[in-house]
Amino acid sequence: MRLFSALSSTMLVAFLLLVQSCTTNSTSSTNTPRLPQSETATTDDRTQTVSVAVPNWLISQSKSYYSDGVLSGYTSYSYGNDGRLSLEEQFSGTEVLILQRAFSWQLDNSLKIETLDAEKKLQATTIQQFSQGRLQRESILNTLGVAQIFSEYSYDSAGRKSSWVIQGSGIRPITTRYVFADGKNTQVQVLDSGQAVLKRYEKKFDESGSLVSEDKFDSRGQLLKRTLFSYETKNLIHEQTLNADGKIIRSVKYQYGKNNEQLIRIEEFDGDGRLQEVRTHTWLANPRAAGRAR
């Protein structure tokens, strides 16, 4: 059964909101491809800095396929004349609208994100507040405008994200701390409300500053998995995850377009090398990027 297509729109909205606010992204390196969906910070508990750089390219559509080539779903992105993301629409593999996310910048330079279901009924509102280009606070409000989940971010004297605290209704505070050595984010600690370690990441970098390995440990300090990264001209081209016994459990290949600027294809395999999923991206030039018409 195709799970993505079978889920109701209401269930998917709830699930995606939970993922947005409470989980980590699968990427962890500044070299790892990230989709420039907006010029805002992400809430990745392993990202060491907050980037608000204007990208050269904007993603216009992202598609996901099952291993047999059948479309499982896709997301389309729309932008305003200023190049900022204004609308994100998510569809099922049968081209049925699942949800929308509308983005609008406010007069106080905060970003308002409204999540709507397939009937365009408001499901939740996210407010992101910035200072000096850095995300300071993020609140998720229910349909009544009451904050249910909120995050607060702190930065060190170099402007690097040093901590992230998430809490809310029915959620005990979770703190993520970022530890730096030689200018690189070499360790990330995720702590519970009592400041006990829930999980820990140890990272190693090559001489050029690219992340080459990341180890994840549990609360007892036991290795859970290791992820290895390979690059070509600074672009991530291969990612491989091994379990504590050194067995490959997942691998990902990344492919780029003209001039190696745009990530156009991602292939994900299981531990036995069987293709599990393919994702493709199409792009358009950002009018706000340096050297382009403004």
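With the first letter of the sequence shown counted as 1, position 245 gets the number 241 in our numbering; the numbers rise by one all the way through. Backbone N, C-alpha and C define an ideal beta-carbon position, used for all residues, glycine too. Only a predicted model underlies this, so the values are computations on that prediction, with no experimental measurement involved.
Distance CB(residue i)-CB(residue j) smaller than 8 Å
i, j, result
"S206", "Y174", "no"
"R261", "Q272", "no"
"G69", "G89", "yes"
"Q132", "F126", "yes"
Residue-chain proximity (residue i, chain D), Cβ-Cβ < 8 Å
i, result
"D188", "Of the protein chains in this structure there is only one, and it is not chain D."
Assigned exposure category for residue i - 16 Cβ within 10 Å defines buried
i, result
"H346", "No statement about residue 346 is possible, as the shown extent of the chain runs from -3 to 290 and does not include it."
"S135", "buried"
"A192", "exposed"
"L232", "buried"
"G155", "exposed"
"E115", "exposed"
"R275", "buried"
"G65", "exposed"
"T139", "exposed"
"S58", "buried"
"N282", "buried"
"E203", "exposed"
"Q102", "exposed"
"E257", "exposed"
"L194", "exposed"
Euclidean distance between Cα positions of residue i and residue j
i, j, result
"Q185", "T223", "17 Å"
"G164", "T229", "42 Å"
"N337", "H277", "Residue 337 falls outside the range modelled here, since the chain spans only -3 to 290, and no answer is possible."
"Q128", "G179", "21 Å"
"R216", "L112", "41 Å"
"L220", "I245", "12 Å"
"N255", "Q86", "29 Å"
"T158", "L280", "For the sequence presented, residue 158 should be read as Ser rather than Thr. Spanning the two alpha carbons is a distance of roughly 33 Å."
"L187", "S106", "28 Å"
"R80", "I162", "26 Å"
"Q183", "W160", "14 Å"
"R284", "V50", "7 Å"
"S60", "F225", "22 Å"
"Y149", "D104", "18 Å"
"L95", "N181", "35 Å"
"I145", "R168", "10 Å"
"S56", "L67", "17 Å"
"T172", "S153", "18 Å"
"K243", "D268", "10 Å"
"T121", "L259", "30 Å"
"K108", "S74", "16 Å"
"S100", "E84", "12 Å"
"G253", "R130", "30 Å"
Residue i versus the options, residue with shortest Cα-Cα distance
i, options, result
"S82", "V92, E110, I245 and W53", "E110"
"S147", "S153, L137 and G155", "L137"
"Y151", "F176, K116, Q144 and P283", "F176"
"K117", "L103, N105, A98 and T172", "A98"
"S72", "I170, G166 and V92", "V92"
"Q236", "G253, E264, Q258 and D214", "E264"
"V248", "K254, R270 and D241", "R270"
"N293", "D214, N231 and L259", "The displayed coordinates of the chain run from -3 to 290. Any statement about residue 293 would go beyond what the structure contains."
"S189", "T182, I170, Q183 and N181", "I170"
"F241", "F225, Q218 and E257", "The question names Phe, yet the displayed sequence has Asp at residue 241. The option with the nearest alpha carbon to D241 is Q218."
"G141", "L187, I55 and I123", "I123"
"G166", "L54, A143 and Y62", "A143"
"D266", "I55, V50 and Y62", "Y62"
"D78", "I94, Q96, E84 and L54", "L54"
Contact test: residue i Cβ vs the ligand PLP heavy atom, cutoff 7 Å
i, result
"S72", "What this structure holds is no ligand at all, so the ligand PLP is not there to describe."
Exercise. Would the region 210 to 228 and the region 194 to 202 be scored as touching if the rule is three or more Cβ pairs under 8 Å?
Worked result: yes
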